[in-house]
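Take the sequence shown: its letter number 2 is residue 4 in this note's numbering, and every next letter is one higher. C-beta: ideal position from N, C-alpha, C; glycine also. All values reported here derive from a predicted model rather than from experimental measurement.
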Amino acid sequence: MPYHKESIDEVHMVLFPVMEDILRKTGLSPRDVHILIVNCSGLCPSPSLASIVINRQGSISFKLREDVKSYNLSGMGCSASMLAIDMAHNLLRVHHSNRDGNAVILSTELLTSGWYPGNEQAKLVLNCVFRMGAAAILLSNRDQLNNFNVAKYRLIRSIRTQRAFTYTGYRSAWRDEDSNGFTGVTLNR
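What follows is the structure, given as structure tokens:
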């Protein structure tokens, strides 16, 4: 990837502040996070985005627990945030049924890895529509966090519908090269 270093710098710029912010606002210690899910549609580096957050070095280290369950979702577009919420909900039910778990979801979109420098109009739309940014979500099944004085919302149910089995759903966002060899994403829906 021609912009790998810049993409990783962008990861640090957007993910670290939202992780710091959610820990500060909720009063949780990084050791209180049992599940970490990071999603980004356009960037899938190695090591993963979740690993980059877990292994943050420098003046501020998150020092997450050694047994944190971490997941990295990529290539799913805007729906990945909802999928991450559903995933965190199910993981809390399975791994923390004794009501002691916290899951943090970091949802981001990064531009450097998906920037299209060509001139094919269908691929230029992505440059115009999307911007860099991130959000953090805390899901918890702890009683002390789930009362309505602390929690903003209560997740009652999550339902997912898979649309990739249809050709139009499968090809709704497609990354490929144009006639000049520039990689870009075409939005078809």
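Inset, instruction - For M15, collect the residues of the same chain with a Cβ closer than 6 Å to its Cβ; drop the 5 residues on either side in sequence, then sort them by chain order. - result: Nothing listed; no residue qualifies.
Inset, instruction - Note down, in chain order, each residue of its chain lying with its Cβ closer than 8 Å to the Cβ of R144, except the 5 sequence neighbours on either side. - result: If we look at R144 and ignore the five residues flanking it on each side, its Cβ neighbours are R101, D102, G103, N104.
Legend entry - At least 3 beta-carbon pairs within less than 8 Å: the stretch 22 to 37 vs the stretch 63 to 74: By the criterion of at least three beta-carbon pairs nearer than 8 Å, the stretch 22 to 37 is in contact with the stretch 63 to 74.
Legend entry - Spatial distance of S43 from A138 (CA atoms): Straight-line Cα distance between these residues: approximately 16 Å.
Inset, instruction - Using the Cα positions of S174 and F167, report the straight-line distance between them to the nearest angstrom. - result: Cα to Cα, S174 sits roughly 12 Å from F167.
Inset, instruction - Sort A153, E8, A52, C130 by Cα distance to A86 and report the nearest one. - result: Cα-wise, what sits closest to A86 is A52.
Inset, instruction - Would you kindly check if the distance between the Cβ of T110 and the Cβ of S9 is under 8 Å? - result: Going by C-beta atoms, S9 is not nearer than 8 Å to T110.
Legend entry - Assigned secondary structure, A153 (DSSP; H/G/I helix, E/B strand, else coil): Coil at A153, not helix or strand.
Inset, instruction - Grab the span of the alpha helix (DSSP H) containing S142 for me, first residue to last. - result: Careful: S142 lies outside any alpha helix (DSSP H), inside the beta strand (DSSP E) at 135 to 142.
Legend entry - Presumed contact (8 Å Cβ cut-off) between G77 and K125, rounded CB distance: Contact flag wrong, Cβ pair sits at about 17 Å.
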